[in-house]
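Numbering (the working numbering), first residue to last: 3 to 386.
For glycine and all other residues, C-beta sits at the position ideal for the given N, C-alpha and C.
Keep in mind it's a predicted model, so treat the numbers as computed, not measured.
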Ligand SMILES: Cc1cc2nc3c(=O)[nH]c(=O)nc-3n(C[C@H](O)[C@H](O)[C@H](O)COP(=O)(O)OP(=O)(O)OC[C@H]3O[C@@H](n4cnc5c(N)ncnc54)[C@H](O)[C@@H]3O)c2cc1C
């Protein structure tokens, strides 16, 4: 597939070029299909991403990372998603959701303890959602009680990506009753917590609509003891840290949507050149030509919004509204583009690989803030 990255900065192009070699070497359709069935990501591919510096892209070098611009992060995210949305989800959580609270508010000792692990070897999760609340995360109930030695966690999280096979989690818990200001962020060594019986990680085995190779899990905390220094930032700062983390994550989810949309567009274009109906190639049929034109236009508009949000962040400018606009628009565009790609393929559209793109695209408008929540954020930034 032809990939137009020439308009991106040279450094970004170099990094994306390295990534393309990595993906070409390690991925093929058989491996992807097999792991989508198994509901697991291949360890050797995650290992290659760690080894080649793709897992700590917002983490400074002194903490073991390979720091990049947000523009590069978005371009890398788009590229991984164009190859495999499930892999991109794990990559995205690792680079944005897992380390951002530490990067913003961690003490020097916490950064030294956790960030090199997250950047170089240990899969990390972000645990905010609970059975009774997702969008309304300020209502979370998982309790963190102060003890003489540290903290005791009790409660449940669900839908947690990167927990199966993961070693570290940033966990949001209630330390006081007030809705927003009673939430705090904690670093949890999931391996240690599981070993001492305070944590159970239960993979949710239901067949998901999409991103099946990226497993989700329920985390059950049962008198899970944490040391005093597990608290990240101040007590009560957790909600703000979670929201700032999601701002960063949203740009990469918009990039995930771009990658999947780009692959669907490429597949549709190729098929229109191959398939004939009524004695003419599909690419000669006006209705399909118009469909493809709309698909490309939506992709291009989504790409402009996504890279604008990334650029604002690189410039140190306010980017909350643009990140939400990018996620809202790009995820909708991906749903529509993948739908049209299936339609253009006719019967074979419901068979791999284009059908996977269609299924994968749906979840982008749900996680890291649903589309309705993005609308609320955009309206709040405009009006309140
Ligand atoms: C594959 C997958 C991976 C995930 N990974 C993670 C993870 O790693 N960590 C994590 O913490 N969570 C994760 N999640 C959870 C995800 O972030 C939540 O599912 C999402 O935020 C929505 O929350 P909910 O499911 O509770 O839906 P609800 O909040 O119950 O929403 C139901 C519906 O009501 C709408 N709604 C809710 N409030 C409003 C409002 N104020 N105005 C208008 N409409 C509203 C929603 O948009 C939605 O349409 C994952 C989910 C999936 C599917």
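Any non-hydrogen atom of ligand 3 within 7 Å of residue i CB
| i | result |
| --- | --- |
| residue 129 | Absent from the structure shown: ligand 3. Ligands present: ligand 1. |
Cα-Cα separation between residue i and residue j, rounded to whole angstroms
| i | j | result |
| --- | --- | --- |
| residue 217 | residue 131 | 15 Å |
| residue 246 | residue 253 | 12 Å |
| residue 194 | residue 169 | 9 Å |
| residue 34 | residue 67 | 28 Å |
| residue 273 | residue 346 | 8 Å |
| residue 103 | residue 244 | 7 Å |
| residue 145 | residue 192 | 17 Å |
| residue 79 | residue 150 | 43 Å |
| residue 203 | residue 221 | 5 Å |
| residue 181 | residue 138 | 10 Å |
| residue 53 | residue 92 | 15 Å |
| residue 330 | residue 94 | 17 Å |
| residue 294 | residue 65 | 45 Å |
| residue 20 | residue 186 | 38 Å |
| residue 16 | residue 255 | 22 Å |
| residue 336 | residue 163 | 21 Å |
| residue 36 | residue 23 | 21 Å |
| residue 31 | residue 98 | 27 Å |
| residue 277 | residue 340 | 18 Å |
| residue 158 | residue 133 | 7 Å |
| residue 1 | residue 183 | Beyond the ends of the chain as shown, which are 3 and 386, falls residue 1; an answer cannot be given. |
| residue 381 | residue 281 | 51 Å |
| residue 269 | residue 46 | 27 Å |
| residue 69 | residue 100 | 15 Å |
| residue 374 | residue 135 | 15 Å |
| residue 3 | residue 279 | For residue 3, the predicted model reports a pLDDT of 35, less than 50, meaning its position is unreliable; a value from the coordinates is still stated below. Going by the C-alpha atoms only, they are around 24 Å apart. |
| residue 251 | residue 289 | 37 Å |
| residue 114 | residue 315 | 25 Å |
| residue 90 | residue 238 | 31 Å |
| residue 350 | residue 369 | 29 Å |
| residue 384 | residue 372 | 19 Å |
| residue 266 | residue 77 | 17 Å |
| residue 287 | residue 348 | 14 Å |
| residue 124 | residue 283 | 50 Å |
| residue 387 | residue 9 | With the chain covering 3 to 386 only, the question about residue 387 has no answer from this structure. |
| residue 197 | residue 271 | 52 Å |
| residue 264 | residue 317 | 27 Å |
Of the listed residues the options, nearest to residue i (C-alpha basis)
| i | options | result |
| --- | --- | --- |
| residue 50 | 41, 26 and 228 | 26 |
| residue 226 | 237, 147 and 256 | 147 |
| residue 29 | 65, 10 and 88 | 88 |
| residue 355 | 372, 127, 11 and 84 | 84 |
| residue 207 | 190, 251, 184 and 160 | 160 |
| residue 199 | 154, 230, 188 and 239 | 154 |
| residue 201 | 327, 156, 324 and 152 | 156 |
| residue 110 | 269, 86, 338 and 62 | 62 |
| residue 324 | 288, 287 and 379 | 379 |
| residue 96 | 316, 179, 376 and 126 | 126 |
| residue 275 | 285, 315 and 122 | 285 |
| residue 242 | 174, 178 and 14 | 174 |
| residue 179 | 205, 196, 197 and 140 | 140 |
| residue 42 | 205, 310, 196 and 271 | 205 |
| residue 357 | 38, 14 and 197 | 38 |
| residue 44 | 338, 14, 12 and 86 | 86 |
| residue 326 | 377, 338, 317 and 264 | 377 |
Contact under 8 Å by Cβ, residue i with residue j
| i | j | result |
| --- | --- | --- |
| residue 249 | residue 322 | yes |
| residue 228 | residue 176 | no |
| residue 1 | residue 75 | No answer is possible for residue 1: the residues shown for the chain start at 3 and end at 386. |
| residue 81 | residue 166 | no |
| residue 172 | residue 129 | yes |
| residue 352 | residue 365 | no |
| residue 332 | residue 299 | no |
| residue 297 | residue 224 | no |
| residue 389 | residue 152 | Absent from the model: residue 389. The displayed extent of the chain is 3 to 386, so no value can be given. |
| residue 312 | residue 72 | yes |
| residue 189 | residue 112 | yes |
| residue 367 | residue 334 | yes |
Item to complete: Would you check if there are 3 or more beta carbon pairs closer than 8 Å linking the segment 302-313 to the segment 253-264?
Response: Segments in contact, yes.
Worksheet item: Is there contact here, the segment 194-212 with the segment 358-368, by at least three beta-carbon pairs under 8 Å?
Response: Because the criterion of three Cβ pairs below 8 Å is met, the segment 194-212 and the segment 358-368 touch.
Practice prompt. Examine the Cβ distances between the segment 113-123 and the segment 52-59 and report whether three or more of them are shorter than 8 Å.
Written response: Flag = yes, the segment 113-123 and the segment 52-59 touch.
Fill in: Any 3 or more C-beta pairs closer than 8 Å across the segment 93-111 and the segment 233-244
Yes, since at least three Cβ pairs between the segment 93-111 and the segment 233-244 fall closer than 8 Å, the two stretches touch.
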